[in-house]
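Undergrad: Taking our numbering, the leading residue of the sequence shown gets 10, the next gets one more, and so forth. Backbone N, C-alpha and C fix where the C-beta goes; we use that ideal spot for every residue, glycine too. Keep in mind the model is a prediction, meaning the values are calculated, not measured. The structure follows.
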Amino acid sequence: MADQLLNHIIKLVPSFENEVKGVLSYFEKKRYPKGHNLIVEQTSIDSFYFVNTGCLHLYYTDESGGQHTIHFALENWWITEYNSFLGRSSAQFGITSLEETEVMVISKTQFDRLLLEYPFMGIYYNLIHMKAYGASLLKQKTFATISKRDFYSYFTKQYPELIKRIPHQILASYIGVSPEELTFFKEQILS
């Protein structure tokens, strides 16, 4: 599965194909069972994850203990709690596996060393973050300008395979509705 990360890097910065193999020495492969907390809210973290297989979700917990999912990470996606990873604060978000998951993990120390030894990785990370930020802005705009039912419909059309992998409760929290409302939306769309 390490080749998956290499292939992803080469796809985005192909002119550095000959240099990319050395990058793997900075990463560690880890497997997590379904339901594992990779990052716990209010802790300090220093790990950045590339998903080889599986599905993760990033969420926050409100005062009443309810979880609100704001992001998912599937195969070939990166995820972390950025402010904590950068040493700015404790984690404001948690990350938990929704399936058995395999990731390539890099620590903050190794990340900094990687960028010094392989400056082209800065280009790579810039590209993945620009794509992710663009997608985040589109999600915000879409979420703000259409009804939650229409957002559910939009999301199922954009990510039909992802919908099959997300538990009902987690999807409801992502959309910002109760599980009962989500059931109602599904029934409306199917009829």
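(1) So GLY31 packs on TYR161, CB below 8 Å; how close in whole Å?
(2) Use the C-beta contact count for SER53: other C-beta atoms within 10 angstroms, 16 or more gives buried, fewer gives exposed.
(3) Mapping the DSSP letters down to three states, classify ILE88 as helix, strand or coil.
(4) Roughly how many angstroms separate the alpha carbons of VAL186 and ASN46, rounded to a whole number?
(5) With 16 other CB atoms within 10 Å as the buried threshold, where does GLU189 fall?
(6) I need the DSSP call for PHE102, collapsed to helix, strand or coil.
(7) Use the C-beta contact count for THR118: other C-beta atoms within 10 angstroms, 16 or more gives buried, fewer gives exposed.
(8) With respect to the alpha helix (DSSP H) encompassing PHE194, which residues constitute its N-terminal and C-terminal limits?
(9) Can you check DSSP and say which residues form a bridge with VAL112?
(10) I need the DSSP call for HIS77, collapsed to helix, strand or coil.
(11) Nearest to LEU180 by CA position, among ARG97, ILE79, ASP55, TYR35, is which residue?
(12) Per DSSP, what kind of secondary structure is LEU65 in: helix, strand or coil?
(13) Report back the beta-carbon spacing between MET130 and LYS38 to the nearest angstrom; my notes put them in contact at under 8 Å.
TA: To lay it out plainly:
(1) As a first step, residue 31 must be located in the sequence shown, where it is residue number 22. As a first step, residue 161 must be located in the sequence shown, where it is residue number 152. Not a contact, Cβ separation roughly 44 Å.
(2) Residue numbering aside, residue 53 sits at position 44 when the sequence shown is read from its first letter. The residue is exposed, with fewer than 16 neighbouring Cβ atoms inside 10 Å.
(3) Mapped onto the sequence shown, residue 88 falls at position 79. Reduced to three states, the DSSP call for ILE88 is strand.
(4) Counted from its first residue, the sequence shown places residue 186 at position 177. Counted from its first residue, the sequence shown places residue 46 at position 37. Whole-angstrom Cα-Cα distance: 24 Å.
(5) Within the sequence shown, the letter at position 180 stands for residue 189. So GLU189 counts as exposed.
(6) Locating residue 102 in the sequence shown gives position 93, where the first residue counts as 1. PHE102: coil per DSSP, three-state reduction.
(7) Mapped onto the sequence shown, residue 118 falls at position 109. That one is exposed.
(8) Taking the first residue of the sequence shown as 1, we reach residue 194 at position 185. 188–199 is the span of the alpha helix (DSSP H), which, as asked, contains PHE194.
(9) Indexing the sequence shown from 1 puts residue 112 at position 103. In the DSSP output, where bridge partners are listed per residue, VAL112 has LYS39, VAL60.
(10) Your numbering for residue 77 matches position 68 in the sequence shown. Strand at HIS77.
(11) For the purposes of this step, residue 180 is taken as residue 171 along the sequence shown, with counting starting at 1. When only C-alpha atoms are compared, the closest one is ILE79.
(12) To locate residue 65, count along the sequence shown from 1; it is residue 56. Correct three-state label for LEU65: strand.
(13) Counting from 1 along the sequence shown, the entry for residue 130 is found at position 121. Counting from 1 along the sequence shown, the entry for residue 38 is found at position 29. Going by Cβ atoms, the distance from MET130 to LYS38 rounds to 18 Å, so no, they are not a contact pair.
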